[in-house]
Amino acid sequence: MAARRILLLTWVLIGLAGCSRMEASNGFEDEVDLYTRHLSTRNVEREPRLPCPSVEIPEITHLDVLQAPSLPEPEPGVPYIDPVFGTCVVRITDRDDDISPGDSSPGLKNEYSRVQSFNADGSRLLARAIEGTWYLYDAATLAPLGQVPIEVEPRWDSEDPDLLYYFDTTSLLRYNIRTGVRTLVHDFADDLPDLSLAAVWTRYEGSPSIDRRTWGLMAQDQDWDVVAFLVYDQELDEVTAIRRLPSGAEVDSATISPLGSYFLGFFDNACESTHSGDAQDPCGLMVYDRHLEQGHSLVRIIGHSDLALDASGREVLVYQEIDNDTISMVDLDSGEATALWPIDFSHRAIGFHFSGQAIEAPGWILVSAYTDHERNYTWMDNQVFAVELIPGGRVVRLAHTHSVVDESRQHYYWAEPHASVDQNLTRVLFTSNWGRTGTAEVEMFMIELPAGWLDRIP
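Residue numbering for the sequence shown follows our numbering, starting at 59 and increasing by one per position.
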């Protein structure tokens with residue numbers, strides 16, 4: 059992601075009375091309950107926000123080029139039917155009303171394509187404001203529930219819908235959204251005592267294993283150089299593996315695989331050939347076992363991607379293969395790469411993000427594609443679609459994003475849709491500037507799909 063510094067938040071729930079507290083030995087103040095406090099200090103009469111009243115199975119599976127009609131930006135909580143794809147879409151956020159007083163963020167978005175925004179039971183979802191603050195929403199009613207006083211990389215617990223994990227410098231913490239209690243889970247500075255560390259985290263884009271037991275992390279020193287990889291077992295509260303990295307290692311992010319079997323390091327420097335990287339000379343996509351041994355490169359140069367489970371439950375990484383212009387996947391166990399669909403770059407540049415967060419719908423990946431123009435030249439342009447994880451498999455097109463990503467203008471990064479999906483691929487989030495280039499005034503939208511819809515498409 060674009061920003062490289064940790065954004066430190068104030069320890070105040072602006073718009074919510076009271077402060078959160080740390081558990082006994084950590085000395086913070088009295089607790090709050092997000093469900094009983096007033097949501098705003100402003101006396102604003104809020105219109106109720108409504109999810110889609112009914113949802114239909116998406117029907118567009120062909121690959122014709124389809125233009126997005128010009129539409130006025132939808133009001134928050136007023137569902138609309140995508141006029142091209144027939145899906146129900148609703149704008150969740152309201153940048154003029156949801157952001158706390160004192161928060162200068164100009165817009166709100168889902169965090170990132172590789173991050174699960176919905177909690178364990180799907181009742182709550184988290185949005186990120188542009189300045190790095192966090193806001194909670196009721197996922198059923200879309201009601202805003204206020205600002206949450208957490209730091210970077212919030213990740214929901216896999217079982218308890220009230221628990222969020224997040225990082226603050228070298229510490230992993232846990233926060234209860236119902237009670238306001240925060241708990242120190244582990245301080246990784248103790249595991250590398252000879253180093254002066256600035257941060258231990260995944261650097262924005264990683265997540266723990268599906269069961270939240272295993273974390274794959276990277277450590278950065280006070281110069282923000284990446285100095286080590288770590289594997290942390292939360293059940294044992296123990297760092298089970300550490301690998302020191304060579305000086306000057308250029309690492310974009312790190313993560314553990316969904317089942318906790320593999321550690322992945324995403325290196326900025328490309329390999330000379332696909333499998334030329336090793337533990338001593340890492341490059342491209344580096345994959346290690348969970349003990350941080352036997353490291354080798356599986357992709358020569360790695361861009362946007364996400365981990366997923368294929369239809370047989372195998373761990374794969376879906377990515378844009380830059381060497382042959384395809385959407386591809388690589389099996390983490392066998393190392394076999396498979397091209398899924400070609401990308402047509404003959405008209406203009408296209409950017410992609412992938413979301414494999416639908417762990418209850420294995421065998422599929424969500425894709426969001428964006429360009430710098432409202433006109434579409436290929437079937438992929440400026441839309442969100444689902445792709446089956448087999449070569450030439452089914453494609454289901456879900457919605458146009460109406461977001462223009464012009465890299466010649468300021469704030470273009472925030473216009474990237476970064477579409478992400480819930481656990482069972484029935485709710486899809488994406489970000490849109492609705493054609494406003496050169497601004498960070500973005501909003502978060504949701505596409506709603508019926509349960510079991512993947513079993514009913516041709």
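Glycine included, every Cβ here is placed at the ideal spot set by N, Cα and C. All values derive from a computational prediction rather than experimental measurement.
Taking C-beta to C-beta, are ILE417 and GLN481 nearer than 7 Å?
-> yes
Option nearest PHE225 by Cα separation, candidates ALA256, ASP196, VAL148 and LEU356 = ALA256
By Cβ distance, which residues of its chain are closer than 6 Å to VAL297, with the 5 residues on each side in sequence left out?
-> ASP249, LEU288 and TYR290
Reference LEU124; option with closest CA among GLN205, ASP140 and VAL113 | ASP140
Neighbourhood of VAL374 by C-beta distance below 6 Å, restricted to the same chain and skipping five residues each side | ALA366, ASP368, MET387 and ASP389
My guess is that THR228 and ASP245 are in contact by the Cβ rule of under 8 Å, so how many angstroms apart are they, rounded?
-> 6 Å
Taking only runs that begin and end inside the stretch 419-478, name each unbroken alpha helix (DSSP H) of 4 or more residues, in chain order.
-> 470-473
Name, in chain order, the residues that DSSP records as bridge partners for GLN278.
-> ALA257 and VAL284
Below 8 Å on the Cβ atoms is my guess for VAL376 versus ASP391; work out the distance and round it to an integer in Å.
-> Their Cβ separation, rounded to whole angstroms, is 15 Å, which puts VAL376 and ASP391 out of contact at 8 Å.
Would you kindly work out how many angstroms separate the C-alpha atoms of ILE448 and ASP281, rounded to a whole number?
-> 43 Å
Who pairs with PHE176 in a beta bridge, going by DSSP?
-> LEU183
Would DSSP call ARG149 helix, strand or coil?
-> strand
Hey, is the stretch 500-509 in contact with the stretch 482-492, meaning 3+ C-beta pairs nearer than 8 Å?
-> yes
Cα-Cα separation between ASN234 and GLU189, rounded to whole angstroms = 22 Å
State the DSSP-derived secondary structure class of TRP511, mapped to helix, strand or coil.
-> helix
Enumerated in chain order, which unbroken segments of the beta strand (DSSP E) with a length of 3 residues or greater are wholly contained in the stretch 318-394?
-> 320-325, 343-347, 354-357, 363-367, 373-379 and 384-389
When the Cα atoms are used, what is the spatial distance from VAL462 to TYR170?
-> 17 Å
Three-state secondary structure (DSSP) of PHE246 | helix
According to the Cβ coordinates, are PRO202 and ASP156 closer than 7 Å?
-> yes
So is HIS120 buried or exposed if we call it buried at 16+ other beta carbons inside 10 Å?
-> exposed
Might you give, ordered along the chain, the residues of its own chain that have their beta carbon closer than 7 Å to the beta carbon of PRO266, omitting 5 neighbours on each side?
-> ARG213, THR272, TRP273 and ILE314
Out of GLY414, ASP347 and VAL285, which has the shortest C-alpha to C-alpha gap to ASP310?
-> VAL285
Can you tell which of ALA187, LEU183 and GLU133 has its C-alpha closest to the C-alpha of PRO159?
-> ALA187
Who are the near neighbours of VAL136 in its chain, counting only those whose CB is closer than 6 Å to its CB and skipping five residues on each side?
-> none
Cutoff 6 Å; reference LEU92; Cβ partners in own chain excluding five residues on either side = Interpretation of LEU92 is limited by its pLDDT of 44, a score under 50 that renders its predicted location unreliable; no figure is taken from the coordinates.
Which whole-angstrom value is the C-beta distance of LEU183 and SER175, which I expect to be below 8 Å?
-> 5 Å
Near PRO400, what residues of its chain come up, given a Cβ to Cβ distance below 6 Å and the 5 sequence neighbours on each side ignored?
-> THR384
Taking the continuous beta strand (DSSP E) assigned at GLY409, which residues delimit it?
-> 409-413
Any idea what DSSP makes of ILE505, helix, strand or coil?
-> strand
Quick one: residues in its chain with C-beta nearer than 7 Å to the C-beta of ALA498, no 5 flanking neighbours on either side, listed in chain order?
-> PRO164, GLY165, ILE188, HIS469 and TRP472
From this set, VAL243, LEU242, GLN278 and ARG301, which residue's C-alpha is nearest TRP259's C-alpha?
-> GLN278
Range of the contiguous beta strand (DSSP E) that encloses GLY264 | Premise fails: GLY264 is in no beta strand (DSSP E) and is neither H nor E.
Just grab the DSSP bridge partners of ASN234 for me.
-> LEU221
Is DSSP giving GLU211 helix, strand or coil here?
-> strand
By Cβ distance below 6 Å, which residues in the same chain neighbour ALA444 in space, the five residues on each side in sequence not counted?
-> TRP422, LEU424 and VAL454
Leaving out five residues before and five after GLY335 in sequence, what residues of the same chain have Cβ atoms less than 7 Å from its Cβ?
-> CYS329, CYS341, GLY342, MET344, HIS354 and SER355
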